[in-house]
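**Q** Here you go, one structure.
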Amino acid sequence: MTETRFTKDHEWVRLDGRIVTVGITEHAQQALGDLVFVELPEPGRTLAEGEACAVVESVKAASDVYAPLAGRVTEANAAVVEEPALVNREPTGAGWFFRLELDDPSAVTALMDEAGYAAFLETI
Amino acid sequence: MPDDPEFLQSTPLDALHRSLGARMVGFAGYAMPVQYGPGIIAEHLHCRAAAALFDVSHMGQASLFGPASAAALERLVPGDIAGLPPGRQRYTLLTNAAGGILDDLMVARLPADRLFLIANASRKAADFARIAAALPARVRFCPHEDRALLALQGPLAAAVLGRFAPEAVALPFMGVAETMLDGVPAIVSRSGYTGEDGFEISLPADRAEAVATRLLAEPELLPAGLGARDSLRLEAGLCLYGSDIDEGTTPIEAGLTWTIGKRRRMDWDFPGAAAIRDQLDNGAPRLRVGLRPEGRAPARAGTVIAGEDGSDAGIVTSGGFSPSLNAPIAMGYLRRDLAADGTRVNLLVRGKALPALVCQLPFLAHRYARLSSTKHA
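Dropping the structure here:
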């Protein structure tokens, strides 16, 4: 299954086996503006759902990124640390943040699907 | 509560900003464009490479009329206002009795015994009340709530403005003149808040949108928002009132000793003169410095600065990312013994100590149209 799911904190996740790839949404990158710094969790770190685990900084301000689900970090995307603007250009592609081996892969279904996220954006 | 969206005032260019796709935010009680479509970095770099137009109509404008205006204003500021020649403007400070800074402002001398002031949006009400209360009856004080203010900044600003107001381009840095701009009476000064050559243009509010639209039709010019204005002024090492200077900082600590007129240093007859004189004679306990963090993480305002030995060293007052240097930069106050150029300190960001070097300001050399540099250009 490669369906993309979304959180209310404007992260997207894509499941492949037990591993999800995590990034921030188009809406989030637009709201943040030009990114100049990204800090990602180190591989091996265990994250609780909702835990602040990454930092993105725009010219104006710093913001936290939260773990969408509980799991263990398997990989961080060095490309966005090297070039934060990649997140602005391709937030849902090459601008992914990290990969997480989930404690419970079925928890993904609790997140919003694309239609649900679009409806959520209408409310904010 | 001043930036609650429901209570924001708008500038005369509000509709133009929205039609240009600006992202509007609350600032000092006004709805202001923080950026347009291209974004802060593109707007910033365009101002450095070509020219950018900023709406700064939220700032306070006022005039003092009468031969006694300069002497009256000198009761409130340490600058030499009496010695300001016609057609010149000067950066000065309103100080309090403790030597703290109540605001920074521009004062221009215009013909017919007129002083023209520009104050910060967040401070204008307090400034104008303070000035009005200090004036003798023979000086008339007139706030200009019906005027807009544009800043046209960048190395191509003079080329653009010259098409509409050729006389304005003859002004040297900190020169000011009343002139016609595309048929509109304007007060133009050669100054700004970016470190670039440029102009600040005061206009009747009801003509501002037409003039801004005409200027923006010039191919070199892009609109830029408050985001780029802030990153540009930080690179230029210029203070932001409320962040880098306030009632708790003195002109000596802030590195603004040069704003105290020579004659004023003989008479010491401005608010806070005793405290300021003491710091000038004995040294200030802390000084405003530039900081270059190692690595890429910005250190924001409020970041605590520690010495290499872990001792309390100071605080960051402005910090962010420099698009021109492609690196984080910051300004802040440091204990005097650590304030020398090249000193290593640590910035405490998210619980980690980020090494940084103390450096001279500005981060980027100013490119003003000074008389001497135009002569030799």
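Each protein sequence line maps, in turn, to chains A and B. First residue of the first sequence: 85, per the numbering used here; consecutive thereafter. First residue of the second sequence: 520, per the numbering used here; consecutive thereafter. We put the beta carbon where it would ideally sit given N, CA and C, even for glycine.
Roughly how many angstroms lie between the CA atoms of B/GLY545 and B/LEU621, to the nearest whole one?
**A** Going by the C-alpha atoms only, they are around 22 Å apart.
**Q** Would B/PRO817 pass as an interface residue toward chain A - the criterion being a Cβ-Cβ separation below 8 Å?
**A** Yes, B/PRO817 counts as interfacial toward chain A.
**Q** Let me check one thing: in DSSP terms, what residues is B/ILE637 bridge-paired to?
**A** According to DSSP, B/ILE637 bridges with B/GLN580 and B/MET625.
**Q** According to DSSP, what are the bridge partners of B/VAL835?
**A** Partner(s): B/GLY851.
**Q** Residues of chain A with CB closer than 7 Å to the CB of B/SER837, please, in chain order.
**A** Simply none; closest approach about 12 Å.
**Q** Count the other CB atoms, across all protein chains shown, that sit within 10 Å of the CB of A/TRP180; report buried if there are 16 or more and exposed otherwise.
**A** It counts as buried.
**Q** Applying the criterion that 16 or more other CB atoms from any shown protein chain within 10 Å of the CB defines a buried residue, is A/ASN161 buried or exposed?
**A** Buried, because 16 or more other Cβ atoms sit within 10 Å of the Cβ of A/ASN161.
**Q** Select from B/LEU873, B/PRO524 and B/ASP574 the residue whose C-alpha is nearest the C-alpha of B/HIS747.
**A** The sequence shown places Ala at residue 747 of chain B, rather than the His named in the question. Closest by alpha carbon: B/ASP574.
**Q** If we count the other Cβ atoms within 10 Å of its Cβ and call it buried at 16 or more, is B/LYS894 buried or exposed?
**A** Reliability fails at B/LYS894, whose pLDDT of 39 lies under 50, so the model's placement of it is uncertain and no value is given.
**Q** From the DSSP output, which residues share a beta bridge with B/GLY717?
**A** DSSP output for B/GLY717 lists B/GLN672 as bridge partner(s).
**Q** From B/ILE560, B/PRO586 and B/ILE637, pick the residue whose C-alpha is nearest to that of B/TYR610; which is it?
**A** Selected option, being the one with the closest Cα: B/ILE637.
**Q** With a 10 Å radius around its C-beta and 16 neighbouring C-beta atoms as the bar for buried, classify B/GLY558 as buried or exposed.
**A** Buried: at least 16 other Cβ atoms inside 10 Å.
**Q** Hey, would you say B/VAL835 sits closer than 8 Å to B/LEU873, going by beta carbons?
**A** Going by C-beta atoms, B/VAL835 is not nearer than 8 Å to B/LEU873.
**Q** Rank B/ALA541, B/ALA653, B/PRO552 and B/VAL808 by C-alpha distance to the C-alpha of B/ALA858 and give the top, closest one.
**A** When only C-alpha atoms are compared, the closest one is B/VAL808.
**Q** Given this structure, state the Cα-to-Cα distance separating A/THR176 from B/GLY540, to the nearest angstrom.
**A** For A/THR176 and B/GLY540, the distance between alpha carbons rounds to 24 Å.
**Q** In three-state terms, what does DSSP make of B/HIS895?
**A** Per-residue confidence for B/HIS895 stands at a pLDDT of 39, beneath the threshold of 50, marking its modelled position as unreliable; the derived number appears in the next sentence. In the structure shown, B/HIS895 sits in a helix (DSSP, three-state: H, G or I).
**Q** Along chain A, in chain order, which residues have C-beta atoms closer than 9 Å to that of B/ILE560?
**A** Neighbours of B/ILE560 on chain A, chain order: GLY117, ASP118, VAL120, VAL143 and ALA169.
**Q** Distance check for B/ALA644 and B/ALA794, CA to CA, integer angstroms please.
**A** Approximately 26 Å, taken between the alpha carbons.
**Q** Is B/GLY746 close to chain A? Criterion is C-beta to C-beta, closer than 8 Å.
**A** True, the Cβ-Cβ gap to chain A drops below 8 Å.
**Q** Identify the contact partners of A/ALA146 in chain B, using a Cβ-Cβ distance below 8 Å as the criterion.
**A** Near A/ALA146 (Cβ distances below 8 Å), the residues of chain B are PRO817 and ARG819.
**Q** Once DSSP output is grouped into helix, strand and coil, what is the label at B/GLN879?
**A** Here B/GLN879 sits in coil by DSSP.
**Q** At a Cβ threshold of 8 Å, is B/SER750 touching chain A?
**A** So yes, B/SER750 belongs to the interface.
**Q** Hey, could you find the ends of the beta strand (DSSP E) B/SER588 is sitting in?
**A** That residue, B/SER588, is in no beta strand (DSSP E); its alpha helix (DSSP H) goes 588-593.
**Q** Using a 10 Å radius around the Cβ and a threshold of 16 neighbouring Cβ atoms, would you call A/PHE182 buried or exposed?
**A** The residue is buried, with at least 16 neighbouring Cβ atoms inside 10 Å.
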